[in-house]
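Working notes for the structure below.
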Amino acid sequence: MFTTLSKTPKILVIDDDASQIVLLHKTLKTIGDVIFEQDGRAALDRVIDSSPDVILLDIDMPGKDGHEVLAELKANVLTQHIPVIFLTSRDSVDDQLKCLRDGAVDFIAKPPEPAVVAARVHTQLTLRSRERELVESYRHAKVIVESIGDAVITTDQNCIVTYLNPVAEVMIGLPSAEATGQMIEDIMPLRIGDDGPPHINPVRVAILDRRVVGMALNCQMMNQRGAWVPVEDSAAPLVSETGEILGAVIVFSDINESRALAAKMAQTVQYDQVTNLPNRFLLLELINTEITMSKRSGKKIGLLLVDINQFKLINSEFGFEYGDALLKKVAQRIKVLLRRGEILSRHHADQFMLLVPDLDRISDLNYLAESIKGDLTLLSQRQPELNGLSASFGLSIFPDDALDGQMLMMHADSAVHKAKKDADNGGVCFYSSEIESQSIARRHLHAQLKSAIENEDVIALFQPMIDPVSGEVLAVEALMRIRHQDGSFISPMDFIPLAEETGLIIELGERMVDLALQQLKHWADDGRRIRVCLNVSPVQFISPRFVPFLLEAIEQYGVSPEMIELEVTESLMMQNLDQVIGDMDRLRSRGISISIDDFGTGFSCLSYLKDLPVDVLKVDKAFVAQISADGSDYVLARTIVALAQSLGLQTVSEGVESAYQASQLRGLGVSLLQGFYFSPPVPADDLQTRYLI
Ligand code: C2E
Ligand code: CA
Ligand code: CA
62 MFTTLSKTPK ILVIDDDASQ IVLLHKTLKT IGDVIFEQDG RAALDRVIDS
112 SPDVILLDID MPGKDGHEVL AELKANVLTQ HIPVIFLTSR DSVDDQLKCL
162 RDGAVDFIAK PPEPAVVAAR VHTQLTLRSR ERELVESYRH AKVIVESIGD
212 AVITTDQNCI VTYLNPVAEV MIGLPSAEAT GQMIEDIMPL RIGDDGPPHI
262 NPVRVAILDR RVVGMALNCQ MMNQRGAWVP VEDSAAPLVS ETGEILGAVI
312 VFSDINESRA LAAKMAQTVQ YDQVTNLPNR FLLLELINTE ITMSKRSGKK
362 IGLLLVDINQ FKLINSEFGF EYGDALLKKV AQRIKVLLRR GEILSRHHAD
412 QFMLLVPDLD RISDLNYLAE SIKGDLTLLS QRQPELNGLS ASFGLSIFPD
462 DALDGQMLMM HADSAVHKAK KDADNGGVCF YSSEIESQSI ARRHLHAQLK
512 SAIENEDVIA LFQPMIDPVS GEVLAVEALM RIRHQDGSFI SPMDFIPLAE
562 ETGLIIELGE RMVDLALQQL KHWADDGRRI RVCLNVSPVQ FISPRFVPFL
612 LEAIEQYGVS PEMIELEVTE SLMMQNLDQV IGDMDRLRSR GISISIDDFG
662 TGFSCLSYLK DLPVDVLKVD KAFVAQISAD GSDYVLARTI VALAQSLGLQ
712 TVSEGVESAY QASQLRGLGV SLLQGFYFSP PVPADDLQTR YLI
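So the sequence shown is numbered by our numbering: it starts at 62 and just counts up by one.
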C-alpha cells in the first residue's frame, strides 16, 4: 500500500589499506555509492556525516582498530543501527565469534573474494531496505489510525489494552495512556439491547478462535461517563509472521448521531479549526513517533517554530476575521515551500510549528526558515496594509537539544524568544548556543561570499613554481582570496567548505578561471610563457557547467590551453569516476594538463593512478616537511617521487620552506618547486617586479 522512494544505497568502507579500497570500489560500485575512510579515528564522524546503509570495517588498522570503532558506533544513537560487516584476516572460530558478539552482522575473510563481498553486502542492503519499508509503513499506518473517524483499540494476547486512537479516547472517555494496561471489559463493557445481558467482548473471541468476529446486532457499550451507547464493531486477531497470536484489534463506531459528534470532537482535539492543520497535541504525538523512527534510522529531526511578529496589532486593527484569513494564507504559503514529508501545525495563536523529519544537515533547517522569511516579505509587499509582515524563528534539533517531543517543543519556544529579543540574529535562533553561533557565522560568511561575487571582491594571488635547475619561474598556482570590506583577505581554508556545500564554489571558481586567464593573456601578450595552475573543487569539476565554461573562456581570452593546468584532489576520483575520466580526457585532448594535488593525504594509490589521465603529481607539503636538516631519512618523499617518475608523471613539491629542502628535492629530480622559501602567494604585479622583470 505504501511506496518508499528507492535511493542509491551508500556503502562505507573503513580500511587503511588503499589497495583494498580500490578492489572494494571496483566490486561494489555497481551496487551503490561507495565512500571510504582510511583513518579509524575519523570513522565515527564520517559515519555520522555520510549516514551509510552498510559499513565494511577492517579490523587491523593503526590508531584505532575495527573492534574499537565498532564499540564507538554501537554506543552512539545515531550510528548503532547501521549494519557492520567486518573484514578480517583472522579466521579462527574464536575470532569470528568475537566479531558477531561485538555486534557485527557478518564477516568477510581477507583477501576478499569480489563475488562473496558483493553477495554479502547485497544481502545486508536488502535486509535494511525491508526494515526501512516496515518503519515507513508503520509511520503511515499510525497517521491513518490516528486520523480515521472510527474508534480503534488494540490489546495484547491477554485482552489487556495497549492503545486507543483519538476517536476511541473520545467515545470511551479515557485517554489512551490511562486505558493502557486495563482489561478490555473494564473500559468497554458490552450488553445486548436496552437492558439485555452482558455481551462477550469480540476481542476475546477473536483471540480464542483466531478469526475476525463481528459484534452482535443491537449491541451497546457503556462509556466511562456511565452512558450506554449503541455501537457497531468487529475485531480481528493480530498474528505474527510465524502464526503466533500477538493480540487483537477492535474497530467500532457509534451508530447514532453521536458518532459524527465524536469524530468532530476528535478532530477538535487534534486539528486547528481555523487552518485545519494538526494542532500542538497531534504534533506532539507525531514528533514522538518520528523520534522512535529516528532512533532506528539515525537521522536527525528538526523543529521550526514560526512566530508572526506583531500579530496582535493586525488583529486589533483589522479584526479577528481578517487575522484568521491571514493565518490561513500564511499556512498555505508555507505548505507550498515544503518538499519532503515536513508536517506543518498550528502551535498557538500566531505561531506555526514545522516538524522536519530525516534532517540531512542542520543548515537545511536554516534555509527553510530563510525561505519562509523571504516568502513573508513577498506577501507583505503585495499587501502593503500589513506594514512589513515578518516572523521570528526558533529552531531545535533531536537528538542534539532534547530527547523527547515535549522538551524539543519547549526548546524551540525558548529559541523563538531569543530570536525576538536579539536583533542581530536576523530573526532566526537555534536553541543550542553553539549551533546558534556556528549558524550565525555561516550565514555571515555566506552573505560575504555572495557579495564578493557581485562586487568583484574575489581576488587571485599567484605563487611561483620554480625550475629547480635554472631557478626560472615556469608556472604559477592561482590561489583564491575574498577581500573583506576592511581590505583584509579571507583565507580559502575558511570559506571553501561552505562554498562547496552551498554550491557557491561554482561561481567562485568561474571568477578564478576569468582572473587567471586574463592574467595569462596579459603575460602571453608580453611574450612570457608561464603556465597557470588552477585549483578545481570536485563540486565544480563534476558540475555540467564546468567543462563548457572553461573551453569558452579559453576561446574568449584567446589563450593557449597548453598553458593551463587544473589541480584536482584525489577525492574527485571518489565521484562518478567514468564521467570524471571522460571529462579529463576531453580537456587533455585540447592540451590542458591535469595534476593531482595534495598527493599522499587521501586515497594515495599509485597503481590506481596509472589508469588515470593525469600529467602531474603534486606531492603534499607534509612529505616535504619530512625533509629536515637533521639528516633523518625522508623515505616517503623519495618513494613517491621515484614512483611518480616511473609512471611518467611530472612532480611538483609544494611547501618548500628552506634552502636545504630545495637542494634535497633538486637531488631527487623533482620537476618544479613551490613554497614560502621562494615566495608566498602574491598579487600578479608583485610577482612581476620580483621575478619577471
Ligand atoms: P593547496 O591547493 O594545497 O594550496 C597550497 C596552499 O599552501 C596555499 O594555501 C599556499 O598559500 C600554501 N603554501 C604555499 N607555500 C607554502 C609553504 O612553504 N609552507 C606552507 N605551510 N604553506 C604553503 P592557501 O592559499 O591558503 O590555500 C589553501 C587551500 O585552499 C588550497 O590548498 C586549495 O585547496 C584551496 N584553494 C585555494 N584557491 C582555490 C581556488 O581557486 N579554488 C579552489 N577550489 N580551491 C582553492
Ligand atoms: Ca593546489
Ligand atoms: Ca596542495
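Backbone N, C-alpha and C fix where the C-beta goes; we use that ideal spot for every residue, glycine too.
Please read all numbers here as calculations on a predicted model, not as lab measurements.
- Task: Using only alpha-carbon positions, find the residue among ILE369, MET354, ASP368 that is nearest to ILE362.
- Result: With distances taken between CA atoms, ILE362 lies nearest to MET354 out of ILE369, MET354, ASP368.
- Can you list the beta strand (DSSP E) stretches of 3 or more residues lying completely in the stretch 493 to 534, in chain order? 519 to 527, all fully within the stretch 493 to 534.
- List the DSSP bridge partners of MET468. In the DSSP output, where bridge partners are listed per residue, MET468 has none listed.
- CA-to-CA distance, GLU382 to PRO298, given in whole angstroms: So the alpha carbons of these two residues sit roughly 49 angstroms apart.
- Message: Measuring straight from C-alpha to C-alpha, what distance separates ILE433 and ILE92?
- Response: In a straight line, the C-alpha of ILE433 is about 38 angstroms away from that of ILE92.
- Message: One question on the structure: do ASP547 and VAL477 come within less than 8 angstroms of each other, judged by their Cβ atoms?
- Response: Pairing ASP547 with VAL477 gives a Cβ-Cβ distance that is not under 8 angstroms.
- Query: Counting pairs of beta carbons, one from the stretch 67 to 81 and one from the stretch 110 to 120, are three or more of them closer than 8 angstroms?
  - Reply: A contact exists between the stretch 67 to 81 and the stretch 110 to 120.
- Query: Rounded C-beta distance between LEU365 and ARG407? I'm assuming under 8 angstroms.
  - Reply: Their Cβ separation, rounded to whole angstroms, is 14 angstroms, which puts LEU365 and ARG407 out of contact at 8 angstroms.
- Could you name each continuous beta strand (DSSP E) segment of 3 residues or more that falls completely within the stretch 236 to 302, going from the start of the chain to the end? Runs of the beta strand (DSSP E) inside the stretch 236 to 302: 251 to 253, 280 to 283, 289 to 300.
- Task: Run the proximity test for GLU538: is its beta-carbon closer than 7 angstroms to any non-hydrogen atom belonging to ligand 2?
- Result: Yes, the Cβ of GLU538 comes within 7 angstroms of a heavy atom of ligand 2.
- Message: Taking its Cβ as the centre, do 16 or more other Cβ atoms sit within 10 Å of GLY287, making it buried, or is it exposed?
- Response: Answer is exposed; the Cβ neighbour count stays below 16.
- Could you tell me which of PRO172, PRO144, VAL731 sits nearest to HIS183, measuring between CA atoms? Its Cα nearest to that of HIS183, the residue PRO144 stands out among PRO172, PRO144, VAL731.
- Query: Which residues, in chain order, sit with a beta-carbon under 5 angstroms away from any heavy atom of ligand 2?
  - Reply: Output, sorted by chain position: ASN596, GLU628, ASP658.
- Whole angstroms is fine: what's the gap from PHE607's alpha carbon to GLN601's? Each residue's alpha carbon lies about 6 angstroms from the other.
- State the DSSP-derived secondary structure class of HIS142, mapped to helix, strand or coil. Secondary structure at HIS142: coil, using DSSP grouped into helix, strand and coil.
- Looking only at DSSP bridge pairs, what is ASN637 linked to? According to DSSP, which records beta bridges pairwise, ASN637 is partnered with nothing at all.
- Starting from PHE342, follow the alpha helix (DSSP H) in both directions and report where the run begins and ends. Per DSSP, PHE342 belongs to the alpha helix (DSSP H) from 341 to 358.
- Coarse secondary structure for ILE75, derived from DSSP in three states: Strand at ILE75.
- Grab me the residues of ASP646's own chain with a C-beta within less than 7 angstroms of its C-beta, minus the 5 sequence neighbours each way, in chain order. Once the five neighbours on either side are set aside, the close Cβ partners of ASP646 are PRO674.
- Message: ligand 1 and GLU568: does any heavy atom of the ligand fall closer than 7 angstroms to the residue's C-beta?
- Response: False, no ligand heavy atom lies under 7 angstroms from that Cβ.
- Query: Is PRO529 near ligand 1, with its Cβ less than 7 angstroms from a heavy atom?
  - Reply: The answer is no for PRO529.
- Using a threshold of 8 angstroms, state whether the C-beta atoms of ILE306 and ARG271 are closer than that. In this structure, the beta-carbon distance from ILE306 to ARG271 falls below 8 angstroms.
- Can you name the start and end residues of the beta strand (DSSP E) that SER714 belongs to? DSSP places SER714 inside the beta strand (DSSP E), whose first and last residues are 711 to 714.
- Query: Taking the alpha-carbon positions, what's the GLN334 to LEU437 distance?
  - Reply: GLN334 and LEU437 have their C-alpha atoms spaced approximately 23 angstroms apart.
- Leaving aside the five residues before and after LEU225 along the sequence, list all residues of the same chain whose C-beta is less than 6 angstroms from its C-beta, in chain order. Cβ within range, chain order: ILE214, SER237, ALA240.
- Message: Counting beta carbon pairs with one atom in the stretch 242 to 251 and one in the stretch 341 to 352, are three or more of them shorter than 8 angstroms?
- Response: They do not touch, by the three-pair rule.
- GLU446 - partner residues in DSSP beta bridges: In DSSP, GLU446 forms no bridge with anything.
- Quick one: what's got a C-beta closer than 6 angstroms to ARG341's C-beta in the same chain, skipping five residues either side? These residues qualify, in order along the chain: HIS408.
- Query: Smallest Cα separation from PHE684: which of PHE660, ASP152, ARG151?
  - Reply: Between PHE684 and the set PHE660, ASP152, ARG151, the nearest pair of CA atoms involves PHE660.
- Message: Within the continuous alpha helix (DSSP H) that includes GLU561, where are the two ends?
- Response: First-last of the alpha helix (DSSP H) with GLU561: 553 to 563.
- Item | Strand pairing of ARG394, partner residues [DSSP] | Looking at the DSSP output, ARG394 sits in no beta bridge, so it has no partner there.
- Close-in-space but distant-in-sequence residues of the same chain around ILE311 (CB under 7 angstroms, 5 per side omitted): These residues qualify, in order along the chain: ILE214, PRO263, VAL264, ASP294, ALA296.
- Message: ligand 5 and SER724: does the residue's C-beta get closer than 7 angstroms to at least one heavy atom of that ligand?
- Response: Because ligand 5 does not appear in the structure shown, any question about it cannot be addressed here, the ligands present being ligand 1, ligand 2 and ligand 3.
- Query: How about ILE557: is its Cβ closer than 7 angstroms to a heavy atom in ligand 1?
  - Reply: Yes, Cβ of ILE557 sits closer than 7 angstroms to a heavy atom of ligand 1.
- Query: For SER654, which of helix, strand or coil comes out of DSSP?
  - Reply: DSSP places SER654 in strand when its eight states are reduced to three.
- Task: Work out the CA separation of LEU387 and GLY402 for me, nearest whole Å.
- Result: Taking the straight line from one Cα to the other gives about 24 angstroms.
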